[in-house]
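Protein chains in written order, with the working numbering: chain A, 10 to 365; chain B, 10 to 365; chain C, 10 to 365. Just so it is clear, CB atoms sit at the ideal spot from N, CA and C, and this is done for glycine as well. Source: prediction; values computed, not measured. What follows is a short report on a single structure.
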Amino acid sequence: MKKWWFPAVLIISFIFSAIGHYAGFPYTLEFIISAVSVIFVAGFLGKATESVAHHAGQRLGGFLNATFGNAAELIIGILLVKEGHFEMVKASITGSIIGNLLLVLGLSVLAGGIKYKIQNYNISLAGLNGSLMILAIIALFVPAIFLHTKALDPADTNLLSLIVSGVLIAAYLLWLVFSMITHKDYLADVSDGGPADPVHEEAAWSKGRSILYLVIATVMVAFVSEWLVHTLDPMTERFGLSEIFVGAFVVAIVGNAAEHSAAIMLAMKNKIGAAVEIAVGSSLQIALFVAPVLVFISHLFASGPMDIVFTVIELAAIGVAVFIAKSITQDGSTNWYEGLLLLAVYIILGVSFYLV
Amino acid sequence: MKKWWFPAVLIISFIFSAIGHYAGFPYTLEFIISAVSVIFVAGFLGKATESVAHHAGQRLGGFLNATFGNAAELIIGILLVKEGHFEMVKASITGSIIGNLLLVLGLSVLAGGIKYKIQNYNISLAGLNGSLMILAIIALFVPAIFLHTKALDPADTNLLSLIVSGVLIAAYLLWLVFSMITHKDYLADVSDGGPADPVHEEAAWSKGRSILYLVIATVMVAFVSEWLVHTLDPMTERFGLSEIFVGAFVVAIVGNAAEHSAAIMLAMKNKIGAAVEIAVGSSLQIALFVAPVLVFISHLFASGPMDIVFTVIELAAIGVAVFIAKSITQDGSTNWYEGLLLLAVYIILGVSFYLV
Amino acid sequence: MKKWWFPAVLIISFIFSAIGHYAGFPYTLEFIISAVSVIFVAGFLGKATESVAHHAGQRLGGFLNATFGNAAELIIGILLVKEGHFEMVKASITGSIIGNLLLVLGLSVLAGGIKYKIQNYNISLAGLNGSLMILAIIALFVPAIFLHTKALDPADTNLLSLIVSGVLIAAYLLWLVFSMITHKDYLADVSDGGPADPVHEEAAWSKGRSILYLVIATVMVAFVSEWLVHTLDPMTERFGLSEIFVGAFVVAIVGNAAEHSAAIMLAMKNKIGAAVEIAVGSSLQIALFVAPVLVFISHLFASGPMDIVFTVIELAAIGVAVFIAKSITQDGSTNWYEGLLLLAVYIILGVSFYLV
Numbered sequence: 010m011k012k013w014w015f016p017a018v019l020i021i022s023f024i025f026s027a028i029g030h031y032a033g034f035p036y037t038l039e040f041i042i043s044a045v046s047v048i049f050v051a052g053f054l055g056k057a058t059e060s061v062a063h064h065a066g067q068r069l070g071g072f073l074n075a076t077f078g079n080a081a082e083l084i085i086g087i088l089l090v091k092e093g094h095f096e097m098v099k100a101s102i103t104g105s106i107i108g109n110l111l112l113v114l115g116l117s118v119l120a121g122g123i124k125y126k127i128q129n130y131n132i133s134l135a136g137l138n139g140s141l142m143i144l145a146i147i148a149l150f151v152p153a154i155f156l157h158t159k160a161l162d163p164a165d166t167n168l169l170s171l172i173v174s175g176v177l178i179a180a181y182l183l184w185l186v187f188s189m190i191t192h193k194d195y196l197a198d199v200s201d202g203g204p205a206d207p208v209h210e211e212a213a214w215s216k217g218r219s220i221l222y223l224v225i226a227t228v229m230v231a232f233v234s235e236w237l238v239h240t241l242d243p244m245t246e247r248f249g250l251s252e253i254f255v256g257a258f259v260v261a262i263v264g265n266a267a268e269h270s271a272a273i274m275l276a277m278k279n280k281i282g283a284a285v286e287i288a289v290g291s292s293l294q295i296a297l298f299v300a301p302v303l304v305f306i307s308h309l310f311a312s313g314p315m316d317i318v319f320t321v322i323e324l325a326a327i328g329v330a331v332f333i334a335k336s337i338t339q340d341g342s343t344n345w346y347e348g349l350l351l352l353a354v355y356i357i358l359g360v361s362f363y364l365v
Numbered sequence: 010m011k012k013w014w015f016p017a018v019l020i021i022s023f024i025f026s027a028i029g030h031y032a033g034f035p036y037t038l039e040f041i042i043s044a045v046s047v048i049f050v051a052g053f054l055g056k057a058t059e060s061v062a063h064h065a066g067q068r069l070g071g072f073l074n075a076t077f078g079n080a081a082e083l084i085i086g087i088l089l090v091k092e093g094h095f096e097m098v099k100a101s102i103t104g105s106i107i108g109n110l111l112l113v114l115g116l117s118v119l120a121g122g123i124k125y126k127i128q129n130y131n132i133s134l135a136g137l138n139g140s141l142m143i144l145a146i147i148a149l150f151v152p153a154i155f156l157h158t159k160a161l162d163p164a165d166t167n168l169l170s171l172i173v174s175g176v177l178i179a180a181y182l183l184w185l186v187f188s189m190i191t192h193k194d195y196l197a198d199v200s201d202g203g204p205a206d207p208v209h210e211e212a213a214w215s216k217g218r219s220i221l222y223l224v225i226a227t228v229m230v231a232f233v234s235e236w237l238v239h240t241l242d243p244m245t246e247r248f249g250l251s252e253i254f255v256g257a258f259v260v261a262i263v264g265n266a267a268e269h270s271a272a273i274m275l276a277m278k279n280k281i282g283a284a285v286e287i288a289v290g291s292s293l294q295i296a297l298f299v300a301p302v303l304v305f306i307s308h309l310f311a312s313g314p315m316d317i318v319f320t321v322i323e324l325a326a327i328g329v330a331v332f333i334a335k336s337i338t339q340d341g342s343t344n345w346y347e348g349l350l351l352l353a354v355y356i357i358l359g360v361s362f363y364l365v
Numbered sequence: 010m011k012k013w014w015f016p017a018v019l020i021i022s023f024i025f026s027a028i029g030h031y032a033g034f035p036y037t038l039e040f041i042i043s044a045v046s047v048i049f050v051a052g053f054l055g056k057a058t059e060s061v062a063h064h065a066g067q068r069l070g071g072f073l074n075a076t077f078g079n080a081a082e083l084i085i086g087i088l089l090v091k092e093g094h095f096e097m098v099k100a101s102i103t104g105s106i107i108g109n110l111l112l113v114l115g116l117s118v119l120a121g122g123i124k125y126k127i128q129n130y131n132i133s134l135a136g137l138n139g140s141l142m143i144l145a146i147i148a149l150f151v152p153a154i155f156l157h158t159k160a161l162d163p164a165d166t167n168l169l170s171l172i173v174s175g176v177l178i179a180a181y182l183l184w185l186v187f188s189m190i191t192h193k194d195y196l197a198d199v200s201d202g203g204p205a206d207p208v209h210e211e212a213a214w215s216k217g218r219s220i221l222y223l224v225i226a227t228v229m230v231a232f233v234s235e236w237l238v239h240t241l242d243p244m245t246e247r248f249g250l251s252e253i254f255v256g257a258f259v260v261a262i263v264g265n266a267a268e269h270s271a272a273i274m275l276a277m278k279n280k281i282g283a284a285v286e287i288a289v290g291s292s293l294q295i296a297l298f299v300a301p302v303l304v305f306i307s308h309l310f311a312s313g314p315m316d317i318v319f320t321v322i323e324l325a326a327i328g329v330a331v332f333i334a335k336s337i338t339q340d341g342s343t344n345w346y347e348g349l350l351l352l353a354v355y356i357i358l359g360v361s362f363y364l365v
């Protein structure tokens, strides 16, 4: 992200994907160009968010980071909801969660573990993150189990979805109050300042420029995301892929690429605690904030309200990802083999999603 | 419980609910009066049990407390079984377990956490309690999974229910042997004497009076429970509630109100370990003792034997409650946010039970 | 195993079961004789494997032990696959896993716990074993959940089975690299040399004799296993047992008897860590090596390929066994009551399998 070539690639890929969209390139080419563009624009948006947060002071800054840290996923999600692609939205939420917990965390632990025999980190935050992750699973499982057991009329299903979404958003906002206000010191000791503000390590942009960049980046994300979403239908059809596979693996990997590279870099600098926090924190943000916000937003579109009921295989995928990630992170130390275990589960899920 | 007005309210509410029952008050009013009466009579029974246990010496006293600590739930359960309300019995067992693990524990942790930043307690007992809780879940899950997969004839279902119930009761009795005889010291260090005998803190009744009160309280509970159960059918019908919702939330909350207030009081005195023990211990008692005893007792009534097969949504509710309670208690410290997480899960389950 | 009478009983039981097979004894008698014979021959094979491993040097020896430690189960499995008894194979895999985690571990912890109040062991290895066990569960669950949700054509089912099996075998081989090469010291500290090489404790055979015995034992296992498998069909029919019950309890207990006695002996010598390692390690070997190898081997037989899709009740049994074994072993200390809990779950599963 901090390389001299970054702005050049950012702008060039954006322009090319704009041309591809309006000139009507073949869909495969348009898909590839806009996917590359989303990756770079999302990285730019992430950097701008951090820079604004840096100037906003710790409290408001932390709030901004926590709320807009997955802005790219949120924008892609809104576009998919608007188009009525509810299956793909849920699949991409599933894919973001398992991608962060298995692929990002797995590659980080593996990369760090090849360089360092054992990597240690403090586990208090891991414990709390684990409990939050369990809340997220429960909130997604309970409506699905109840509804698979006994059919509800759509109005009740939507009411249940809204209430569960409201509980999740409230839990997420109170988590910010807890971690940034009432128990800030308690958790700060834990992460020893490492991951909280990555901008510190490098020169941040000035305040005015940060805000300008944030606005520009948000607009750019909205555009390239729309172009990308536009190619998904023909792509899915052409390669005979299921909507759920494209959502869970293609969209999710593209949308989270920036987090992926950041976490792996940190792990290789022996900051495995920060890498774990990015991976786990990002999946929490998706489950507790992005997903329920999309449920609320879906009520604004003509495509009709989206419920929070995930399919059995999506829930199974999220469940196993949380289960093994929790088992591996809870002892406060990692090694290369644990990274491989996470990747093994990711491969098994990927093949299963592809074949089903 | 220890307030001067307690005997007055106890007697007045008992008399009013008797009048309500025999004079034929409107059901809604009768329900409210008898519910209030059950709460106070159950509190009186709990206090009398503790007082008798205090005089019986530590070993026998501990056994009495452990066996009759949920006498009110047991009596209500027997009355429901006698009337053939098997669905409501299982729902109220479910509700008692999740009520203790989510509502009681959640309110205690929240109330304690608002007053104290972090509350700590020893985790050895928590670990063992966790394993017992897992046995309880397994014992309830296995018959259900096997039976949902392959239909069994009723005789085999009842045989399986009796064997599983026998295993649970044996496990519970051996737990008393373990915790009160062979490994008493090992666990006593853990709870530092706090929760074992709450009567110590206040003047106990004399031996004779304790026994007299225990007999009176048991008779009173039996009466008011019968009056309460008598109002459930018309109430359920009138408000369009399901038997499962009334059992899991209304009956369970009324029956456990005494434990609720005791646990919250202890948490606010910074005795969070004792509060955790009440909440977890009470749910264990319900799952490992009250539920299987009701299965055995059901064979004595003409309403026919009750099996131990719970519905999918009851098992899901118990499963998620144990899962998050275990995650939150296993690190030996609590804070206000963890209390909120427990309450969030309780709300999600409550809304789901209400809507289904 | 090390008793003077062992060779005599070994040879006599082998000869008798040969006579029984070829002379056509009544099936019940033939079954009993060949089951006894399998138990002793498997013990002999285990000892010969260890002795060869002892001479092969630590690295190759460890590999031999890890790969052929469950050779008897593998041979029985191959014979069952050849005969097309896929249900029974999967049931016996299920039975081996739950038998090791519940029966062997339960009896060891109980026997050790009666003699010693608390038995302690280092938990780092337990943590890693736990994560491996979770990988095994996930690998067995994911295909089943996906396939129960959406029917796949047989070719895709077999492809998925092969890929999952490949991932499991790769994970197992890399585990050997991890535990014997890259992180040998890290884990060696943990097990303080105890369990790694049980042959050290007694005089091993000479190198040449060890190899000779290994060949003889392997041939003997193949023969007696074939004779045993040959009696299963008529036995199953005669006593009205299901294939799944015979596989999960009869075949699995016979095939694992040697591990059972070894683990219990170690626990009674206060080497509970070594006993835990045998029980957990053996179930891992079954899940991560024997089961997937059988899937691959099944493609060589005319009886057609076997998939890796287990039934719901098999998965439930494996899941609950791992769940409670993990909960009990993760705190690094055991007592008699925890042994009883494991046995209680084994009894519940046994009764359920018998009745269904």
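1) According to a CB-to-CB cut-off of less than 9 angstroms, which residues of the segment 175-195 of chain A neighbour chain B?
2) What are the boundary residues of the alpha helix (DSSP H) that includes residue 190(A)?
3) Name, please, each residue of chain B whose Cβ falls closer than 8 angstroms to the Cβ of residue 140(A).
4) Using a Cβ cut-off of 9 angstroms, which residues of the segment 46-60 of chain A contact any Cβ in chain B, in chain order?
5) State the Cα-Cα distance for the pair residue 146(C) and residue 343(C), rounded to the nearest angstrom.
6) Using DSSP with H/G/I as helix, E/B as strand and the rest coil, what is residue 105(B)?
7) What residues from the segment 223-249 of chain C come within 7 angstroms of chain B, judged by C-beta to C-beta, listed N to C?
8) Is it true that the segment 338-352 of chain B meets the segment 151-158 of chain A, where meeting means three or more beta-carbon pairs spaced less than 8 angstroms apart?
9) Spell out a yes or no on whether the segment 92-105 of chain B and the segment 250-267 of chain B are touching, meaning 3 or more CB-CB pairs, one atom from each, closer than 8 angstroms.
10) Quick check on residue 100(A) - is its C-beta less than 8 angstroms from some C-beta in chain C?
11) Just checking: is the beta-carbon of residue 129(B) within a distance shorter than 8 angstroms of some beta-carbon in chain A?
12) So which residues on chain B does residue 354(C) lean against when the C-beta distance must stay under 7 angstroms?
13) List the residues of chain B that residue 258(A) touches, going by C-beta distances under 9 angstroms, in chain order.
14) To be precise: take each residue of the segment 300-320 of chain C, compare its Cβ to all Cβ atoms of chain A, and keep it if any distance is under 8 angstroms. Which residues remain?
15) For residue 61(C), which residues of its own chain have a beta-carbon under 7 angstroms away from its beta-carbon, when the five flanking residues on both sides are left out?
16) What residue range does the alpha helix (DSSP H) around residue 320(C) cover?
17) For residue 342(A), which residues does DSSP report across the bridge?
18) Under the three-state reduction of DSSP, which class applies to residue 359(A): helix, strand or coil?
19) With 8 angstroms set as the bound, which would you pick, yes or no: does the beta-carbon of residue 292(C) sit closer than that to a beta-carbon of chain B?
20) Does the beta-carbon of residue 202(A) have 16 or more other beta-carbons within 10 angstroms, so that it is buried, or is it exposed?
21) Kindly confirm or deny that the segment 176-186 of chain B and the segment 320-330 of chain B touch, where touching means at least three C-beta pairs closer than 8 angstroms.
22) Where does the unbroken alpha helix (DSSP H) through residue 269(C) begin, and where does it stop?
23) In or out: residue 248(B) buried (at least 16 other Cβ within 10 Å) or exposed?
24) Using a Cβ cut-off of 8 angstroms (strictly closer), state whether residue 116(A) contacts chain C.
25) Anything in chain A within Cβ reach of residue 20(C), meaning under 7 angstroms, just list it in chain order.
26) Here's the rule I'm using: 16 or more other beta-carbon atoms within 10 Å means buried, otherwise exposed. How should residue 31(A) be labelled?
27) Report all residues from its chain with a CB closer than 8 angstroms to the CB of residue 356(C); omit the five preceding and five following residues, and keep chain order.
28) Determine the direct distance from the alpha carbon of residue 272(C) to that of residue 283(C), and round the result to whole angstroms.
29) Residue 173(C) touches chain A at which residues, Cβ-Cβ below 7 angstroms?
30) Would the beta-carbon of residue 226(B) fall within 8 angstroms of that of residue 48(B)?
31) Say whether chain C places a C-beta atom closer than 8 angstroms to the C-beta of residue 262(A).
Inspection of the coordinates gives the following:
1) 176, 177, 179, 180, 183, 184, 186, 187, 188, 191, 192 and 195
2) First-last for residue 190(A): undefined, no H or E at that position.
3) 333, 336, 337, 347 and 350
4) none
5) 24 angstroms
6) helix
7) none
8) no
9) yes
10) no
11) no
12) 144 and 147
13) The premise fails here: residue 258(A) is roughly 28 angstroms from chain B at the closest Cβ pair, so nothing lies under 9 angstroms.
14) none
15) 73, 219, 220 and 223
16) From DSSP, residue 320(C) is part of no alpha helix (DSSP H); its letter is neither H nor E.
17) 129(A)
18) helix
19) no
20) Confidence is the limiting factor: at residue 202(A) the pLDDT is only 41, short of 50, which leaves the residue's position unreliable, though a coordinate-based value still follows. Answer is exposed; the Cβ neighbour count stays below 16.
21) no
22) 266-277
23) exposed
24) no
25) Going along chain A, no residue has its Cβ under 7 angstroms from residue 20(C), so there is no contact; the nearest lies around 43 angstroms.
26) exposed
27) none
28) 7 angstroms
29) 357
30) no
31) no
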